[in-house]
Amino acid sequence: RGQRIGAARGASGAGVHAPRGGRVRAVESAEVPQLPGIPVAHVVIEVADDAPAVAMPPLSPDADPESLRTRLRDAGLVGLGGAGFPTAEKTAVRRQRLVVNGAECEPWIACDDALLREHADEVVLGARVLARIVGAESVQLAVEDSMGEALAACRAALDAHGGGEVELVVVPTRYPEGGERQLIQVLTGLEVPRGGLPRDIGVVVQNVATARAAWRAVALGEALVERVVTVTGPGVARPGNFVVPVGTPVSHLVAQAGGYTPAAKRLLLGGPMMGLALPHDEVPIGKTHNCVLVLGDADLRAGGDEMPCIRCGDCASACPSRLLPQQLLWQSRAGRLDDARSQGLFDCIECGCCDLACPSHIPLTQQFRVAKNELRARDAAAAGAEAARQRYELRQQRLEREAAEREAKLAARKAATSPEAVAAALERARARRAGAANDRNEPG
Numbered sequence: 001r002g003q004r005i006g007a008a009r010g011a012s013g014a015g016v017h018a019p020r021g022g023r024v025r026a027v028e029s030a031e032v033p034q035l036p037g038i039p040v041a042h043v044v045i046e047v048a049d050d051a052p053a054v055a056m057p058p059l060s061p062d063a064d065p066e067s068l069r070t071r072l073r074d075a076g077l078v079g080l081g082g083a084g085f086p087t088a089e090k091t092a093v094r095r096q097r098l099v100v101n102g103a104e105c106e107p108w109i110a111c112d113d114a115l116l117r118e119h120a121d122e123v124v125l126g127a128r129v130l131a132r133i134v135g136a137e138s139v140q141l142a143v144e145d146s147m148g149e150a151l152a153a154c155r156a157a158l159d160a161h162g163g164g165e166v167e168l169v170v171v172p173t174r175y176p177e178g179g180e181r182q183l184i185q186v187l188t189g190l191e192v193p194r195g196g197l198p199r200d201i202g203v204v205v206q207n208v209a210t211a212r213a214a215w216r217a218v219a220l221g222e223a224l225v226e227r228v229v230t231v232t233g234p235g236v237a238r239p240g241n242f243v244v245p246v247g248t249p250v251s252h253l254v255a256q257a258g259g260y261t262p263a264a265k266r267l268l269l270g271g272p273m274m275g276l277a278l279p280h281d282e283v284p285i286g287k288t289h290n291c292v293l294v295l296g297d298a299d300l301r302a303g304g305d306e307m308p309c310i311r312c313g314d315c316a317s318a319c320p321s322r323l324l325p326q327q328l329l330w331q332s333r334a335g336r337l338d339d340a341r342s343q344g345l346f347d348c349i350e351c352g353c354c355d356l357a358c359p360s361h362i363p364l365t366q367q368f369r370v371a372k373n374e375l376r377a378r379d380a381a382a383a384g385a386e387a388a389r390q391r392y393e394l395r396q397q398r399l400e401r402e403a404a405e406r407e408a409k410l411a412a413r414k415a416a417t418s419p420e421a422v423a424a425a426l427e428r429a430r431a432r433r434a435g436a437a438n439d440r441n442e443p444g
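According to this note's numbering, the residues represented by the sequence shown are 1 to 444, in order.
Quick look at the structure:
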């Protein structure tokens, strides 16, 4: 447990570690819910219960920022709030503000609430580590007003660990306030520019689970191999929050929650708004998966057949990112993906508010996900083609240089064997022989 089985590329990225001790049985390709149709490498481990755990040497929380950041990379830390961006890469540049996000991103999900109730001390200490890495002058811990026990635990942790560095901020329980951009606006009054990132306004946001993992990676040398996952919904017998090793099949979590009830109708990975429907329950839990939701008939959104857009504008009114979903829909369905990108497609947080508002029952969020994946695939192909072009041009330059060098050597050899060169060489030889004869004939 904890042994590295995949290294990060370069100075950023995130390592991959064995969530349980055992033996690597295979490396296979399989799809993941976030990227349908795109195979991703999976390491299959045959678990051995008696296998020892390994850890890195502890590191002082007061170490230099670069050493701390390297530890986060080596420990495999990524954002645990959903995006999964490598933490080492996200903390590579100094920021003025650090926001530690403890607001649950969707209804039904309670993993961050449970984490704060049980481990608020480690969250606060981890926030201080992250603040040291990015050089933040302001550190805010955001917790929803409905999380009473978590708020009490956070206040106690701040009192115990020098809360002067970290400010506890209570935010309203309102969807989708747990979203990164929305939370930044609530806390700071600043708005992330369209097409930009929080770093553009000097802010970095980290989930509370990421903060705790940062502390454990530094103080205990522990790699990120498990996370808290909410298993809930009327379709499971005993809903709860579970500490889950990365790679655990969803079926095992449902079994730990008492199994399916007769009401179970739909299985989601994530919450009711942004969750992804699963075709089966053998999908493995990843580092970014925070919830397994099993819905019943009564929880499924009543909807009719998809109808044409009536241009009512309700989707635009509901959009927390202030986009125009109807325009993004037309552009993406018409294949004008570059136009959709320029209109803010990648600013869509896939919250599903436009779906709920649409009287024509158009699956807007699904269409936006498809368009984003198409653009990502196209961008990756273009980047690969550009890299191939550069390799070809470098090869051509090398071949031309080598050909020029060969021609220069051949020309030099030809010049050395020309009649004029031969005659000059013979003349020099005769002169040397004549000089030698004169030396012998001189009286001693």
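Heads up, the beta-carbon is just placed ideally off N, CA and C, and yes, glycines get one too.
Burial is judged here by how many other beta carbons sit within 10 angstroms of a residue's own beta carbon; Met307 has fewer than 16 and is exposed.
Closest by C-alpha distance to Cys312, out of Pro320, Leu300, Ser321, Pro325, is Pro325.
The C-beta of Thr91 has 16 or more other C-beta atoms within 10 Å across all chains shown, which makes the residue buried. Residue range 148–160 is occupied by the alpha helix (DSSP H) that includes Cys154, with no beta strand (DSSP E) assigned at that position.
Note on the segment 284–344: whole alpha helix (DSSP H) runs with a minimum of 4 residues are 314–318, 325–333, 337–342, in chain order.
Fewer than three pairs of CB atoms, one per stretch, sit closer than 8 Å, so the segment 217–226 makes no contact with the segment 130–139. Counting of Cβ neighbours within 10 angstroms places Arg132 among the buried residues, the total reaching 16 or more.
For Arg95, the secondary structure class from DSSP, reduced to helix, strand or coil, is coil. Looking at the backbone, the Cα of Lys265 and that of Pro279 are separated by about 12 Å.
Per DSSP, Val32 is not a residue of any alpha helix (DSSP H); the beta strand (DSSP E) it occupies stretches across 22–32. A contact is defined here as three or more CB-CB pairs under 8 Å, and the segment 51–69 fails this definition with respect to the segment 191–200. Cβ-Cβ distances below 7 Å link Gln96 to Ala136, Glu137, Ser138, Gly202 in the same chain, with the five nearest sequence neighbours on each side left out; the list follows chain order. Bridge partners of Gly6 according to DSSP: Val16. When Cβ pairs closer than 8 Å are counted between the two stretches, the segment 352–360 is seen not to touch the segment 378–394, the count staying below three. Rounded to the nearest whole angstrom, the C-alpha separation of Glu46 and Thr248 is 12 Å. Residue state for Arg1 is assigned as coil, using DSSP reduced to three classes.
Ala334 has its alpha-carbon roughly 10 Å from the corresponding atom of Ala340.
The secondary-structure analysis by DSSP pairs His42 across a beta bridge with Glu28.
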